[in-house]
Structure formats: C-alpha cells, structure tokens
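Asks:
There are 2 protein chains.
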Amino acid sequence: MTQYEQLADEIHALIHSGSLRVGDRLPSVRQSSERRQLSQSTVFQAYYLLESRGLIEARPRSGYYVRPRVPAPLQRPKTSRPSPRPHGVAINDLVVALLNQPHGSQVVPLGSAFLDPTLFPVDRLARSLGTAMRRLAPEKLIEELATGQLRLRQQISQRYAADGIHAGVDEIIITNGAMDALNLSLQALTQPGDLVLLEAPTFYAPLQAIERLKLRALQLPTSPSDGVSLESVEAALAAGEVKVCWFMPSFQNPLGALMPDEKKKSLADLLARYQVPLIEDDVYRDLYFGPRKPRPVKAFDRDGWVIHCASFSKTLAPGYRVGWACAGRWTRDIERLKVMSSLSASIPSQAAISDYLAQGGYDLHLRRLRQTLLHHRALMVDAIAESFPADTKVTQPEGGYFLWVELSRRIDALELMRSAMAAGVSLTPGPLFSADRRFAHCIRLNYCSTSADKVVRGTHTLGKLVHRMLDKT
Amino acid sequence: MTQYEQLADEIHALIHSGSLRVGDRLPSVRQSSERRQLSQSTVFQAYYLLESRGLIEARPRSGYYVRPRVPAPLQRPKTSRPSPRPHGVAINDLVVALLNQPHGSQVVPLGSAFLDPTLFPVDRLARSLGTAMRRLAPEKLIEELATGQLRLRQQISQRYAADGIHAGVDEIIITNGAMDALNLSLQALTQPGDLVLLEAPTFYAPLQAIERLKLRALQLPTSPSDGVSLESVEAALAAGEVKVCWFMPSFQNPLGALMPDEKKKSLADLLARYQVPLIEDDVYRDLYFGPRKPRPVKAFDRDGWVIHCASFSKTLAPGYRVGWACAGRWTRDIERLKVMSSLSASIPSQAAISDYLAQGGYDLHLRRLRQTLLHHRALMVDAIAESFPADTKVTQPEGGYFLWVELSRRIDALELMRSAMAAGVSLTPGPLFSADRRFAHCIRLNYCSTSADKVVRGTHTLGKLVHRMLDKT
Chain E
1 MTQYEQLADE IHALIHSGSL RVGDRLPSVR QSSERRQLSQ STVFQAYYLL
51 ESRGLIEARP RSGYYVRPRV PAPLQRPKTS RPSPRPHGVA INDLVVALLN
101 QPHGSQVVPL GSAFLDPTLF PVDRLARSLG TAMRRLAPEK LIEELATGQL
151 RLRQQISQRY AADGIHAGVD EIIITNGAMD ALNLSLQALT QPGDLVLLEA
201 PTFYAPLQAI ERLKLRALQL PTSPSDGVSL ESVEAALAAG EVKVCWFMPS
251 FQNPLGALMP DEKKKSLADL LARYQVPLIE DDVYRDLYFG PRKPRPVKAF
301 DRDGWVIHCA SFSKTLAPGY RVGWACAGRW TRDIERLKVM SSLSASIPSQ
351 AAISDYLAQG GYDLHLRRLR QTLLHHRALM VDAIAESFPA DTKVTQPEGG
401 YFLWVELSRR IDALELMRSA MAAGVSLTPG PLFSADRRFA HCIRLNYCST
451 SADKVVRGTH TLGKLVHRML DKT
Chain D
1 MTQYEQLADE IHALIHSGSL RVGDRLPSVR QSSERRQLSQ STVFQAYYLL
51 ESRGLIEARP RSGYYVRPRV PAPLQRPKTS RPSPRPHGVA INDLVVALLN
101 QPHGSQVVPL GSAFLDPTLF PVDRLARSLG TAMRRLAPEK LIEELATGQL
151 RLRQQISQRY AADGIHAGVD EIIITNGAMD ALNLSLQALT QPGDLVLLEA
201 PTFYAPLQAI ERLKLRALQL PTSPSDGVSL ESVEAALAAG EVKVCWFMPS
251 FQNPLGALMP DEKKKSLADL LARYQVPLIE DDVYRDLYFG PRKPRPVKAF
301 DRDGWVIHCA SFSKTLAPGY RVGWACAGRW TRDIERLKVM SSLSASIPSQ
351 AAISDYLAQG GYDLHLRRLR QTLLHHRALM VDAIAESFPA DTKVTQPEGG
401 YFLWVELSRR IDALELMRSA MAAGVSLTPG PLFSADRRFA HCIRLNYCST
451 SADKVVRGTH TLGKLVHRML DKT
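Chains E and D, in that order, give the protein sequences.
According to the UniProt record's numbering, the first sequence is numbered sequentially starting from 1.
According to the UniProt record's numbering, the second sequence is numbered sequentially starting from 1.
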C-alpha cells in the first residue's frame with residue numbers, strides 16, 4: 001500500500017467512525033503535509049482518492065469537506081455481452097436523426113457530447129489568436145500545411161515525452177480535430193469488407209465510419225471498469241480475419257471504462273504478436289480523476305502498431321478543430337490522405353493553441369477542470385441514486401464526463417428520450433452505441449455540459465420520468 | 001460595342017499610332033471621366049481592357065502607363081486532345097513525390113499553388129481573430145458545428161445574391177477549405193467504378209480523389225480560352241454512363257480558361273437535361289481581370305444539379321481553411337458526410353473571416369489583388385517571350401494566377417523541373433494534370449507567388465534552361 005492510500009484509508013476510517021462528520025472541513029493540503037511529514041503531492045493524491053470514493057468533495061477556493069451522506073449506492077453495470085458475429089452497419093440515419101434533434105437553450109443538455117464551454121480559457125485563447133497571428137510570418141500561412149505547424153508538433157512531442165513516449169515531430173500529423181485523425185486512420189488501413197473490432201457499447205463515430213467505408217464490425221464484451229475483454233480480442237485476432245481495432249482504452253465513451261496500464265501493455269503485446277493495428281481514440285485521457293495520469297496503449301507499442309489519435313477539443317479549445325495522429329508505421333499514408341481530403345487544419349487555430357501552450361498554465365487548467373468534473377460526477381451519481389429506481393445501474397468512471405445508466409429492461413431509451421425532450425432534458429439513448437441496436441434500455445448522460453444545479457435538476461426530471469414509465473407498464 | 005470598349009479602342013489607336021508613347025502616363029480615371037462625360041466605372045473598364053490586351057499597366061498609387069514594347073507575341077496553346085477512353089487513375093505517387101520536393105526559401109516558387117502570402121490582409125485578419133473570439137459567446141464554440149456559423153453563411157448568401165444567385169443559408173455548408181467541400185461532394189455522389197468527367201489538363205485534386213475512391217476518369221478536350229468542349233460533354237452524357245462532372249469553369253487550373261456566361265448557361269441546361277450533377281470548383285472566379293465578374297455555372301442552375309464549391313483561401317485568408325459547398329439537392333448528404341469525417345471547420349477561422357467581411361473592405365482588397373495579378377501576368381508573359389524559344393505557346397488567362405506553357409515536344413517537363421530546381425526555380429510539370437501522363441512537354445507557372453523581380457528572374461532562368469536542353473538534343 002502506498003503512502004497516499006494509507007493516508008486515505010485513515011481518513012476514511014475517521015469518517016466511517018463519525019470522528020469526521022458531514023460538512024467538516026479537512027485540514028488543508030499544506031497543513032496535512034506538515035503535520036504528517038508527507039509531501040504535498042502525497043496528500044493531494046489521498047484527497048483525490050477519497051473524492052473518487054465519494055467521501056469528500058472539493059469546494060472551489062475553500063478546501064475539502066466531508067460529503068453529505070450518500071444515498072444507498074447503486075450497482076455498476078456488468079460487462080456487456082454483444083452479438084458474437086460480425087455485422088454490417090447501418091447506423092447513420094439514427095445518428096443523424098438523434099443529433100439533429102432541435103434543442104433550444106432552455107433544454108438541459110445531458111445528451112450533449114460536449115463540456116460546458118465556459119469551463120475553457122476562452123479569453124486567453126482569444127488573446128493567443130490575435131498575438132500569435134500578428135507575429136506569424138506570412139509565409140507560414142502556406143507552409144507546413146501537410147504535416148501541421150512544426151512548433152505545435154514539437155509541443156505535442158514534448159507532452160508525449162512527459163508520458164514516457166518517444167514520438168518524433170515527423171510522426172505527428174496535425175488534423176482537423178481527432179475525428180479527422182480517426183477517420184483518416186481507418187480509411188488508410190481498410191478496404192471494403194474488412195473486419196474492425198470495436199467495444200460494446202462503442203462510440204458511434206466508428207460505427208458511422210464503418211458504414212461509410214462499407215466495412216464490417218465485431219463488437220466485443222467490454223467491462224465498465226477495465227474496458228474491452230482481452231480474451232475476446234485474442235480470440236478474434238486468432239481467427240485471423242481482423243484488419244484493425246478501434247478502441248478507446250482511457251475513459252471509454254460511453255462506459256467511462258479505464259483499462260489499467262498492465263492490461264494496456266498486454267493489449268499492445270497482443271497487437272504486435274498478431275500484427276494488427278490499433279486506432280487508439282484517446283481524447284479523454286487528460287480528464288483522469290485518479291492520482292496518476294493513465295498511460296495510453298501507445299506507451300507500450302514498440303513496433304508502431306498503434307495509431308494514437310487525440311485532440312485539444314475536449315480539454316482546452318472546443319471548436320478550434322485541432323487534433324492529431326501519432327501514426328507509427330502509417331504516418332506517411334495518413335498524411336497523404338489528409339492532404340488529399342482537406343489539405344490542412346486551420347493555421348490560426350494551431351498557432352493560438354501553440355501560443356497558449358508556450359505561455360504555460362495548461363496543466364493548471366486541466367487540474368481545475370478535473371476537479372470540476374469530479375464534483376459534477378458526484379452530483380449526478382447522487383441525483384440518480386436519489387431519483388431513479390433502486391434497480392438502476394450506473395457507472396462511476398474515473399475520468400471523462402459521461403455516465404452510462406442501465407435501466408430496467410422495461411424502459412425503452414428512445415421513448416424515454418422523447419418524453420425527456422418534452423420535459424426539457426436531453427439524453428443519448430443506448431442503441432446509438434451498437435452495431436445491432438442493443439442497449440435499448442440504456443442511456444448516456446453528460447454530467448458536465450452545464451451548471452451544477454441544472455445537472456441535478458435535469459437528472460431528477462429523468463428519474464421521475466423513468467418511474468412514471470415503469471408505473472404505466 | 002459598349003462605351004468602354006469604344007474608349008479602349010480609341011486609346012489603343014493612339015498607342016498604335018505613336019501619339020501615346022511607351023512610358024506615357026494616361027489621364028487618371030477621374031480626369032478621363034470628366035473630360036469624356038463618362039462614368040468612372042466605364043473608364044475603369046476601358047483601362048482594364050487595355051491592361052488585359054497588354055497595352056497599358058497600372059503602377060501602384062501612381063496611375064496607368066503605356067507599357068514598354070512587348071516582344072513578338074507568342075502563340076496560345078490549342079484545345080487539348082485527350083484520350084477518348086475512360087481511365088482508372090494512379091497519380092498519387094507522382095503528386096506526392098512532386099509536392100514533397102524540398103525547396104528552401106532560396107527557391108523562386110513558380111511551381112507554387114499559392115499566391116505570395118504578403119498580398120493578403122494578414123494583420124487585419126489577425127485583429128479580427130482576436131476581437132471576434134473575445135466577443136463570441138462560449139456556447140458558439142460547440143453550436144452550429146454541422147452547418148457552419150450562421151453569420152458567415154448569411155454573408156456568403158449575400159455575396160451569392162450580389163451575383164444574382166439565390167442561395168439560402170440552409171444550402172450553404174461551411175467546410176475545411178474548398179478541397180474538403182469538393183472531396184465530400186464527390187464522395188457523396190459516387191460509388192466505386194463510377195465515371196467522372198474532367199477537363200484536360202485538369203487540376204490534380206480530382207485525379208487524386210478518383211484514385212482514392214476507385215472511380216474512373218474521362219478527360220475531355222478543353223480550350224485554353226473558353227474551357228471544356230460542350231460537344232464532348234454532351235456526347236459523353238448521351239452515352240449514359242457519366243455519374244458526375246467535376247469542372248472548373250472560371251480560370252481553370254492549370255489552363256486559366258474562362259467559359260463565357262452563355263456557354264455556362266448551355267452547360268447548366270445540358271446537365272439538367274441529362275440529370276447529371278456538376279461539382280463546380282470555383283475558387284478563382286473573384287480573381288477576374290475583365291470588366292465584369294464572370295458568373296458561375298451555378299447561376300444558371302434551376303434544378304439544383306450544380307454543387308458550387310469555393311473558399312476564401314485563394315482570395316483572402318490562406319491557411320484559415322474556410323470553404324463551402326452550396327450543394328443543391330445534395331446539401332443534407334454532404335453535410336452528413338462532413339459531420340462524420342471531420343465534424344466542423346475551425347470556429348475561430350470562421351469568426352475572423354465573418355468579422356472581416358462585416359467591417360467591409362473585402363471588395364477593395366480584391367480589386368487591388370487583381371491589379372497586382374494582372375501586372376504580374378504581363379511581366380511573366382513578357383519574360384517568357386523574351387527568353388523562351390519562339391515556338392513556345394503560352395496562355396494569357398483573364399484571371400487567376402497560372403500560365404500554361406507548351407514547349408517543344410523535345411522537352412521533357414520532368415527533366416526540366418529537375419534542372420530548374422538545381423538552378424533554384426520550381427515549376428509544375430504537365431503530367432500532373434492528366435490521368436494518363438500526357439502533357440509531358442507542358443509546364444504550369446505561378447506568376448504571383450513572389451515578388452515581381454523574382455518572377456522575372458525565375459522565368460528567364462527557365463528560358464535559358466529550355467534553350468540549353470534543346471541545344472543538347
């Protein structure tokens with residue numbers, strides 16, 4: 001047991017025994033550190049752990065407090081059991097119909113794919129835009145279009161180095177958001193008819209890409225805690241037909257699953273052994289709640305089988321459309337496809353993000369953002385426990401901003417969505433995350449798309465609707 | 001004959017007779033307008049016409065002057081005669097190899113696809129970036145991603161209206177540059193094996209897209225003056241196999257051909273009759289030298305068969321990556337494909353361009369840009385006439401920034417390119433513009449990629465190299 005786990009357990013015991021009561025303020029990190037002769041970072045990690053256990057909460061500019069008594073805890077969803085056969089995919093009409101739902105500013109956007117935009121340093125980025133572009137030599141507007149701006153690639157390369165990953169600037173291709181990187185990767189790796197491994201449930205973007213490129217999908221059993229089943233991956237790879245995997249090993253959308261580092265290493269080894277590439281969708285990893293930043297599968301990739309795709313859209317600069325692929329052996333193929341399809345990502349967006357990163361403060365911003373997310377997660381989990389039926393199952397992800405809620409099988413998520421919209425709350429229905437329309441009784445909720453009170457209010461509204469639907473059946 | 005043509009002819013006669021001599025300054029537009037009781041715009045148009053005939057030249061902030069004696073005029077290239085059979089395409093390796101040639105800042109970039117970036121209002125755009133984004137409500141960072149920002153679409157719609165085209169904001173999809181719009185359009189309209197009509201020579205992007213999407217190309221005879229042969233288009237359409245046309249009817253790249261409005265109308269009628277869509281690549285039309293802005297084929301499209309694609313990259317904001325499709329009956333299909341592939345164009349780029357347009361001055365900027373282009377065209381045509389062999393044929397496009405040069409058939413453009421690179425000058429070789437590697441003795445030159453003196457010097461260097469190559473053979 002590490003020092004911070006020990007400290008966390010001690011405090012846990014104090015809360016359990018009643019020595020620390022609801023609403024009590026914990027000693028500040030500095031006080032604890034001095035009293036117990038521990039480093040401040042150890043104390044921080046302990047507090048994080050307690051926070052993720054739902055025992056304490058951070059209040060901005062005030063400190064850590066023992067949380068109000070949590071309602072009877074809900075169960076977690078179990079590992080999924082998708083169809084064992086590959087599927088063609090026809091999901092687009094559903095995705096488009098659902099994403100195009102009209103929703104005014106009055107709607108509580110629990111179905112949003114985005115964070116509350118006020119959580120981002122929009123003013124500082126706006127300043128960076130102006131200053132970076134005034135300083136930019138005009139010829140830079142037409143140079144480095146294919147690969148992306150060198151300075152930004154250097155900064156990304158340095159961030160990889162901090163994760164213990166050697167990624168040279170020549171391996172990094174700047175794209176129009178991570179979505180562009182992911183789609184170009186799949187396109188570079190496949191021919192119509194090829195088989196792609198996915199998680200179940202899976203983010204709908206790979207399903208849409210698979211439909212568009214006329215590929216086949218095989219969804220694998222996936223645990224809400226540690227991600228896709230490696231046994232299933234290996235069985236599929238051993239069958240010899242898999243062309244590529246597209247997984248989200250850190251804070252998977254929609255489950256929030258986090259594959260532990262050890263499991264990621266085993267996955268990397270499997271891929272190298274079977275020589276099958278992985279498209280690693282890694283847009284949420286910076287939004288971890290635990291004491292340590294998880295590593296990506298790419299960190300364990302020695303032979304270039306992992307194409308690591310990420311962006312700044314979820315963490316810093318939504319709407320700027322700056323993402324990248326660190327593309328291993330497919331770097332030149334993907335770069336070529338990119339130049340052919342859209343030439344380049346926006347130069348001003350790249351320059352602004354680069355200027356912002358150079359000024360420092362990104363990691364501080366991320367730390368604050370993670371605190372807010374964790375706080376909101378607790379609020380929504382509590383609100384679900386308070387207002388949903390007792391047989392509801394809900395994830396408690398260690399990062400990201402989605403909860404996956406498994407309702408009674410008597411609930412139809414699409415019907416719930418329609419009633420919820422009428423009541424001014426949006427949600428994302430489960431069938432969107434499946435090649436064969438499973439998860440009909442599941443929903444995905446975004447716990448940080450708007451203010452805390454709206455999140456709680458919206459969640460309570462959903463809980464009432466679920467009860468009402470069950471009463472009727 | 002219009003008033004301005006009459007005025008132009010009078011001045012032409014004065015120059016011809018020697019009454020106006022080389023270096024003489026013409027009366028200012030205002031003086032001429034007052035003396036002759038003509039509107040200033042009529043005088044402007046007359047001066048434009050004389051400029052495009054190579055008789056006078058504008059000197060910035062000084063006025064119009066009779067030009068130095070032009071060398072013996074070179075012939076224009078004739079209408080192309082491409083292969084009459086459809087082709088699969090395998091051009092990518094060549095394109096990538098050529099576009100990836102290393103070239104330092106010492107190289108005179110006559111092979112560039114871009115204008116000299118100092119010609120653009122980079123500082124004003126940088127200010128627009130800062131102010132627009134400081135004013136932007138944060139929620140706009142995650143709204144209007146699918147279609148593009150409403151305000152910018154309104155401004156584009158207004159510019160269409162000024163061209164006599166009704167294009168509602170709902171028909172306009174903002175994309176990541178015109179390249180994105182063009183590629184999404186082709187993707188939305190075709191299945192592998194489909195036949196696409198192209199010009200000959202053609203811009204290489206459609207060739208690359210055709211290769212990537214596994215389509216077939218049929219290149220049609222194209223005149224350097226008025227564009228693709230409508231007889232050939234009709235014959236191909238009548239044969240019943242054509243799925244889509246991809247043409248550039250205004251200042252075609254690389255020929256610079258301008259299809260007259262009447263011919264554009266006939267093309268629109270043909271498309272409607274055969275119910276075959278046209279992807280109209282229209283990125284150069286604002287760069288016209290004539291007295292009137294040409295209209296796009298889209299202006300004559302009554303039934304939505306034309307997908308009009310354009311951008312701000314060639315005219316205002318290179319590197320910002322903001323283009324659009326006005327997509328007629330395929331609007332929703334293309335929007336859907338866009339959302340799936342890269343979600344959205346950069347919000348800051350859109351906001352900055354929108355702010356710039358709202359402040360006014362775009363049309364003034366375009367007018368100045370056109371004057372510079374026209375001046376550079378004359379310089380390069382003269383430099384070719386002075387230094388290239390007498391049997392050289394060269395276009396004199398009425399807009400855009402490319403010359404197409406047809407050399408002796410004993411010259412191999414790829415070999416010339418290599419010698420030129422060694423001598424510090426780049427060029428684009430003809431085979432890049434053909435599905436079957438024709439135009440081996442042709443080159444495309446950019447007359448406005450750098451300063452006037454470098455353009456002249458680079459052209460003279462090429463002339464010497466051509467002479468040397470002919471001496472050797």
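Each residue gets a CB set at the ideal place from its N, CA and C atoms; glycine is no exception.
Per DSSP, which residues does Thr175/E bridge with? Please list them.
Replies: Its beta-bridge partners are Gly323/E.
Asks: Which residues bound the alpha helix (DSSP H) around Arg134/E?
Replies: Arg134/E -> alpha helix (DSSP H) spans Val122 to Arg135.
Asks: Mind pulling the chain E residues with CB within less than 7 Å of Phe433/D?
Replies: Result: empty, since nearest Cβ-Cβ is about 16 Å, beyond 7 Å.
Asks: Anyone know if the C-beta pair for Cys326/D and Leu182/D falls short of 7 Å?
Replies: No, the pair does not count as a contact, with Cβ atoms beyond the cut-off.
Asks: Please name the residues in the segment 310 to 334 of chain E whose beta-carbon is closer than 7 Å to at least one beta-carbon of chain D, in chain order.
Replies: The residues in question are Pro318, Gly319, Tyr320 and Arg321.
Asks: If we define contact as Cβ-Cβ less than 7 Å, is Asn253/D a contact residue for chain E?
Replies: no
Asks: So which residues on chain D does Phe114/E lean against when the C-beta distance must stay under 7 Å?
Replies: Within 7 Å Cβ-Cβ: Ile142.
Asks: If contact means a Cβ-Cβ distance below 7 Å, which residues of the segment 161 to 185 of chain D contact chain E?
Replies: Asn176, Gly177, Met179, Asp180 and Asn183
Asks: Count the other CB atoms within 10 Å of the CB of Ser349/E; is the residue buried (16 or more) or exposed (fewer)?
Replies: When all chains shown are included, Ser349/E counts as buried.
Asks: With 16 as the cutoff for other CB atoms within 10 Å, does Asp363/D come out buried or exposed?
Replies: exposed
Asks: Could you check whether Gln75/D and Lys393/D sit closer than 7 Å to each other, using their CB atoms as the reference points?
Replies: yes
Asks: Quick one, are the C-beta atoms of residue 516/D and Thr175/D less than 7 Å apart?
Replies: Summary: the structure shown does not reach residue 516/D, with chain D confined to residues 1 through 473, and so no result is reported for it.
Asks: Are the segment 244 to 252 of chain D and the segment 285 to 293 of chain D touching, with three or more C-beta to C-beta distances below 8 Å?
Replies: Yes, the segment 244 to 252 of chain D touches the segment 285 to 293 of chain D.
Asks: Using the rule of at least 16 other Cβ atoms within 10 Å of the residue's Cβ for burial, across every protein chain shown, is Val196/D buried or exposed?
Replies: buried
Asks: What did DSSP end up calling His87/E once you bin it into helix, strand or coil?
Replies: DSSP places His87/E in strand when its eight states are reduced to three.
Asks: Mind the definition here: the segment 86 to 98 of chain D touches the segment 201 to 212 of chain D only if three or more C-beta pairs lie below 8 Å; say whether that holds.
Replies: yes
Asks: Taking the alpha carbon of Thr450/E as the reference point, which residue from Pro318/E, Ile307/E, Val322/E and Phe114/E has its own alpha carbon closest?
Replies: Phe114/E
Asks: Check whether the segment 336 to 352 of chain D and the segment 140 to 157 of chain D touch, using three or more Cβ-Cβ pairs below 8 Å as the test.
Replies: Touching, per the Cβ criterion.
Asks: Using DSSP with H/G/I as helix, E/B as strand and the rest coil, what is His441/D?
Replies: coil
Asks: Counting pairs of Cβ atoms below 8 Å between the segment 426 to 439 of chain E and the segment 11 to 29 of chain D, do you hit three or more?
Replies: no
Asks: Alpha carbon to alpha carbon, how far is Asp412/D from residue 495/D? Give it in angstroms, no decimals.
Replies: The question about residue 495/D has no answer, for chain D in this structure spans 1 to 473.
Asks: If we ignore side chains and look at the alpha-carbon of each, how far apart do Ala236/D and Leu198/D end up?
Replies: 11 Å
Asks: What residue from Leu207/E, Leu145/E, Gly111/E and Leu258/E has the CA that sits closest to Phe433/E's CA?
Replies: Leu207/E
Asks: Of all the beta strand (DSSP E) runs that stay within the bounds of the segment 206 to 257 of chain D, which reach a length of 3 or more residues?
Replies: 216 to 223 and 242 to 247
Asks: Can you tell me the Cα-Cα spacing of Ala46/E and Glu144/D, whole angstroms?
Replies: 42 Å
Asks: Given a cut-off of 7 Å on the beta-carbon distance, is the pair Leu215/D and Thr190/D in contact?
Replies: yes
Asks: Identify the residues that DSSP records as bridge partners of Asn446/E: which are they?
Replies: Phe402/E
Asks: By the three-class DSSP mapping on this structure, what secondary structure does Ala310/E have?
Replies: strand
Asks: For Thr118/D, return the contacting residues in chain E, with the cut-off set at a CB-CB distance below 7 Å.
Replies: At a C-beta separation below 7 Å, Thr118/D has these neighbours in chain E: Pro138.
Asks: Determine the direct distance from the alpha carbon of Val405/D to that of Gly290/D, and round the result to whole angstroms.
Replies: Across the structure, Gly290/D and Val405/D are spaced so that their CA atoms are roughly 22 Å apart.
Asks: What residues of chain D sit near Asp123/E, judged by a beta carbon separation below 7 Å?
Replies: Arg134
Asks: Give the straight-line distance between the Cα atoms of Leu403/E and Leu374/E, rounded to the nearest whole angstrom.
Replies: 12 Å
Asks: Flag this pair as yes or no: are the beta carbons of Ile173/D and Glu280/D separated by less than 7 Å?
Replies: no
Asks: Do Gly323/E and Leu129/D come within 7 Å of each other at the CB atom, strictly closer than that value?
Replies: Inclusion of Leu129/D and Gly323/E in the CB contact set at 7 Å is not warranted, their separation being larger than that value.
Asks: Taking Asn92/E as the query, report the chain D residues whose CB atoms sit under 8 Å from its CB, ordered along the chain.
Replies: Result: Arg336 and Met340.
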